[in-house]
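So the protein sequences, as listed, match chains A and B. Numbering follows the numbering used here, with no gaps: position 185 of the first sequence is 185. Numbering follows the numbering used here, with no gaps: position 107 of the second sequence is 107. Using N, Cα and C, we set each Cβ at its ideal position, and we do this for glycine too.
Protein chains: 2
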Amino acid sequence: MSLPIDFYFDFTSPYAYLMSEKIDVLAARHDRQVNWRPFLLGVAFQVSGVPVFTRNSPKAPYLMRDFDRSARFLGVPYSLPPNFPIGTQAAARAYYWLQDRHPQQAREFAHAVFRALFTAGRDMASPSEIVALLTEHGGDGEALAVALSGQELKERLKAECAAAVARGVFGSPFVFIDDEPFFGVDRLPQIERWLASGGF
Amino acid sequence: MSLPIDFYFDFTSPYAYLMSEKIDVLAARHDRQVNWRPFLLGVAFQVSGVPVFTRNSPKAPYLMRDFDRSARFLGVPYSLPPNFPIGTQAAARAYYWLQDRHPQQAREFAHAVFRALFTAGRDMASPSEIVALLTEHGGDGEALAVALSGQELKERLKAECAAAVARGVFGSPFVFIDDEPFFGVDRLPQIERWLASGGF
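Quick look at the structure:
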């Protein structure tokens, strides 16, 4: 089996959510695993000088429309969360906490966060909602709540963000296949051909 | 026959060049004409607050790679011009001058500009090279040279840029089908489905 694909994303990114519903199946068709690596777009944007997205951005009306249309195009259920965009520190920290302790639960939890945010409009910025979501999925919410209030997990996410930026990640979703970088869910057709042909 | 598609672009945009090699054929398959509308990205970027692309931009290494890979993916000959990115005032003004006087030549001339820039590395920022290119293609280079030095054509392009920005164009290429906006050559699959289905 070839090396795993790396999938960098911020949980608040609709395009990352769309990618999250596609990348594992696509990778599996080509005998690849996927490493999921949440990071914070705000950190990457500080480095690249790109203004952080807000609902008042000049591109916002187009993007709102394109999120929705791209979801329909890809056949993924989607609705814009009421507080979009949201801060995703708690979600990303929770992911790494699970990944380090119960890696078999981490992927399912990441899907649950994306779907709670983009299909049910739940407030995934809230640490208590993150804890509640994990509990609903049979995880140890109490232990996560303790970890989320500690310094260690904050340092863990900070290091992950720094590593992502150092690798050249400047947006979400961002995928590496054998060090070949692909930015955006609209690169899915190129990713598919790359996996099928070993490059092109 | 349905309404024409509007294709907004800056001649310096590699993604617009790729679109220029695809959009007419795609439109024709669905009984559509295409209006080509060059504008200046610098004007749109002033409005949107996006920093103008330079070779020192944080995203530049990725974009250089993606230009090349996207051209291979779409089967379009491409090489990065030596002075990329270039100013395209002369090229865009020449286009509208032709469009107003010899519209049947304007499309062919626009293709010639894109191909001279992205396959032959010619300096399409230079008014004298733009004039020479038109002469090579059997056009009236002398009359264009006079027009390029006048105020009227500058005002013409300024008005086109203002109209593009007013319509919500913030990048290149930008396509409208019956007022539905599509940004980027990576929206080709969505454009194709939209044309086939009348929306989705």
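message: Among the candidates R122(A), L40(A) and V43(A), whose CA atom is the shortest distance from the CA of Y78(A)?
response: Working through the first sequence from its first residue, we reach residue 78(A) at position 78. Per the Cα distances, R122(A).
- prompt: Name the chain A residues that come within less than 7 Å of S48(B), Cβ to Cβ?
  reply: Counting from 1 along the second sequence, the entry for residue 48(B) is found at position 48. What S48(B) touches in chain A: P58 and K59.
Buried or exposed (CB count within 10 angstroms, at least 16 for buried), S13(B): As a working note, residue 13(B) is residue 13 in the second sequence. S13(B) is buried by the Cβ-count criterion.
query: Hey, would you say L18(B) sits closer than 7 Å to R93(B), going by beta carbons?
result: Against the second sequence, residue 18(B) aligns to sequence position 18. Against the second sequence, residue 93(B) aligns to sequence position 93. Going by C-beta atoms, L18(B) is not nearer than 7 Å to R93(B).
message: Using a Cβ-Cβ distance cut-off of 7 Å, determine whether R115(A) contacts chain B.
response: Along the first sequence, read from residue 1 onward, the residue named residue 115(A) stands at position 115. Nearest CB-CB separation between R115(A) and chain B: not below the 7 Å threshold.
Presumed contact (8 Å Cβ cut-off) between A106(A) and Y95(A), rounded CB distance: For the purposes of this step, residue 106(A) is identified with residue 106 of the first sequence, where counting begins at 1. For the purposes of this step, residue 95(A) is identified with residue 95 of the first sequence, where counting begins at 1. With a Cβ gap of about 6 Å, A106(A) and Y95(A) count as contacting.
- request: May I have the straight-line CA-CA distance separating L133(B) from A162(A), to the nearest angstrom?
  value: Working through the second sequence from its first residue, we reach residue 133(B) at position 133. Working through the first sequence from its first residue, we reach residue 162(A) at position 162. Using only the alpha carbons, I get a separation of about 49 Å.
- prompt: So, L3(B) versus D140(B), is the Cβ gap smaller than 7 Å?
  reply: The residue labelled residue 3(B) in the question sits at position 3 within the second sequence. The residue labelled residue 140(B) in the question sits at position 140 within the second sequence. Going by C-beta atoms, L3(B) is not nearer than 7 Å to D140(B).
Sequence-distant residues of the same chain with beta carbon closer than 6 Å to A110(B), five excluded per side: By 1-based counting over the second sequence, the position of residue 110(B) is 110. W36 and Y95, listed in sequence order.
- prompt: How many angstroms separate the CA atom of S48(B) from the CA atom of E129(B)?
  reply: For the purposes of this step, residue 48(B) is identified with residue 48 of the second sequence, where counting begins at 1. For the purposes of this step, residue 129(B) is identified with residue 129 of the second sequence, where counting begins at 1. Rounded to whole angstroms, S48(B) to E129(B) spans 31 Å at the Cα level.
- request: Determine the DSSP secondary structure at Y78(B), reduced to helix, strand or coil.
  value: Indexing the second sequence from 1 puts residue 78(B) at position 78. Of the three classes helix, strand and coil, the one that applies to Y78(B) here is coil, per DSSP.
task: For chain B, find out if any of its Cβ atoms is closer than 7 Å to the Cβ of F176(A); answer yes or no.
output: On the first sequence, position 176 is the one that residue 176(A) refers to. Judged by the 7 Å Cβ criterion, F176(A) is not in contact with chain B.
Endpoints, beta strand (DSSP E) assigned at F7(A): Here the question's residue 7(A) lines up with position 7 in the first sequence. That run of the beta strand (DSSP E) goes I5 to F9.
query: What alpha helix (DSSP H) runs, 4 residues minimum, are completely inside the stretch 23 to 58 of chain A?
result: If we require 4 residues or more, the alpha helix (DSSP H) runs fully inside the stretch 23 to 58 of chain A come out as 23 to 29 and 41 to 48.
- request: Say whether chain A places a C-beta atom closer than 7 Å to the C-beta of Y62(B).
  value: Taking the first residue of the second sequence as position 1, residue 62(B) is located at position 62. For Y62(B), the answer is yes, since a Cβ of chain A falls inside 7 Å of its Cβ.
message: Considering only their Cβ atoms, is the gap separating Y15(B) from V185(B) smaller than 7 Å?
response: On the second sequence, position 185 is the one that residue 185(B) refers to. On the second sequence, position 15 is the one that residue 15(B) refers to. Closer than 7 Å, so yes.
Residue environment, E21(A), which counts as buried when at least 16 other CB atoms sit within 10 Å: Locating residue 21(A) in the first sequence gives position 21, where the first residue counts as 1. With 16 or more Cβ atoms within 10 Å of its Cβ, E21(A) is classed as buried.
- prompt: Which chain B residues sit within Cβ distance under 8 Å of P184(A)?
  reply: Taking the first sequence and counting its residues from 1, one reaches residue 184(A) at position 184. According to the sequence provided, residue 184(A) is Gly. The question's Pro does not apply to it. Taking a Cβ-Cβ threshold of 8 Å, the residues of chain B close to G184(A) are D186, in chain order.
field: Close beta carbons around F67(A), own chain, < 6 Å, minus the five adjacent residues each side
entry: On the first sequence, position 67 is the one that residue 67(A) refers to. Here F67(A) has P14 as same chain residues with Cβ atoms under 6 Å from its own Cβ, once five neighbours each way along the sequence are excluded.
task: Could you tell me whether the Cβ of R72(A) comes closer than 7 Å to any Cβ of chain B?
output: Stepping through the first sequence from its first residue, residue 72(A) is reached at position 72. By this cut-off, R72(A) is an interface position.
- request: If I'm right that F118(A) touches P81(A) with Cβ under 8 Å, what's the distance once you round it to whole angstroms?
  value: Along the first sequence, read from residue 1 onward, the residue named residue 118(A) stands at position 118. Along the first sequence, read from residue 1 onward, the residue named residue 81(A) stands at position 81. Yes, they are in contact, since the Cβ atoms of F118(A) and P81(A) sit about 6 Å apart, within 8 Å.
task: Answer yes or no: does any C-beta atom of chain A fall closer than 7 Å to that of F170(B)?
output: The count along the second sequence starts at 1 and reaches residue 170(B) at position 170. It does: the Cβ of F170(B) has a partner Cβ on chain A nearer than 7 Å.
field: Within chain B, the residues that R69(A) reaches when beta carbons sit closer than 7 Å
entry: Position 69 of the first sequence, counted from the start, is the residue given in the question as residue 69(A). Going along chain B in sequence order, the residues near R69(A) (Cβ under 7 Å) are Q190.
Environment of R115(A) [buried if 16+ CB atoms lie within 10 Å]: Mapped onto the first sequence, residue 115(A) falls at position 115. With 16 or more Cβ atoms within 10 Å of its Cβ, R115(A) is classed as buried.
- prompt: Which of helix, strand or coil does DSSP assign to P181(A)?
  reply: On the first sequence, residue 181(A) is found 181 positions in, with the first residue counted as 1. In the structure shown, P181(A) sits in a strand (DSSP, three-state: E or B).
query: For F176(B), does the three-state DSSP call read helix, strand or coil?
result: As a position in the second sequence, residue 176(B) is number 176, starting the count at 1. Three-state result, F176(B): strand.
- request: With 7 Å as the threshold, decide whether the Cβ of P85(B) is near any Cβ in chain A.
  value: Position 85 of the second sequence holds residue 85(B). No - not a single Cβ of chain A is within 7 Å of the one on P85(B).
message: Assuming contact is defined by CB atoms lying nearer than 7 Å, are F9(B) and T88(B) in contact in what I supplied?
response: For the purposes of this step, residue 9(B) is taken as residue 9 along the second sequence, with counting starting at 1. For the purposes of this step, residue 88(B) is taken as residue 88 along the second sequence, with counting starting at 1. No.
task: To the nearest angstrom, report how far apart R193(A) and V175(B) are at their CA atoms.
output: In the first sequence, residue 193(A) corresponds to position 193, counting from 1. In the second sequence, residue 175(B) corresponds to position 175, counting from 1. Rounded to whole angstroms, R193(A) to V175(B) spans 25 Å at the Cα level.
query: Do the CB positions of F39(B) and Q190(A) come within less than 7 Å of each other?
result: The residue labelled residue 39(B) in the question sits at position 39 within the second sequence. The residue labelled residue 190(A) in the question sits at position 190 within the first sequence. Against a cut-off of 7 Å, the Cβ pair of Q190(A) and F39(B) comes out as no contact.
- request: Report buried or exposed for F200(A), applying the criterion of at least 16 other Cβ atoms within 10 angstroms of its Cβ.
  value: Along the first sequence, read from residue 1 onward, the residue named residue 200(A) stands at position 200. Label assigned to F200(A): exposed.
CA-to-CA distance, Q99(B) to V25(B), given in whole angstroms: Here the question's residue 25(B) lines up with position 25 in the second sequence. Here the question's residue 99(B) lines up with position 99 in the second sequence. Straight-line Cα distance between these residues: approximately 20 Å.
query: According to the neighbour-count rule (16 or more other Cβ atoms, all chains shown, within 10 Å of its Cβ), is S70(A) buried or exposed?
result: Within the first sequence, the letter at position 70 stands for residue 70(A). Around the beta carbon of S70(A), 16 or more other beta carbons lie within 10 angstroms, which makes this residue buried.
message: Can you give me the C-alpha to C-alpha distance between V43(A) and G168(A), rounded to a whole angstrom?
response: As a first step, residue 43(A) must be located in the first sequence, where it is residue number 43. As a first step, residue 168(A) must be located in the first sequence, where it is residue number 168. Cα to Cα, the separation comes out at about 12 Å.
task: Return helix, strand or coil for P85(B), following the three-state DSSP convention.
output: Counting from 1 along the second sequence, the entry for residue 85(B) is found at position 85. Three-state DSSP puts P85(B) in coil, outside helix and strand.
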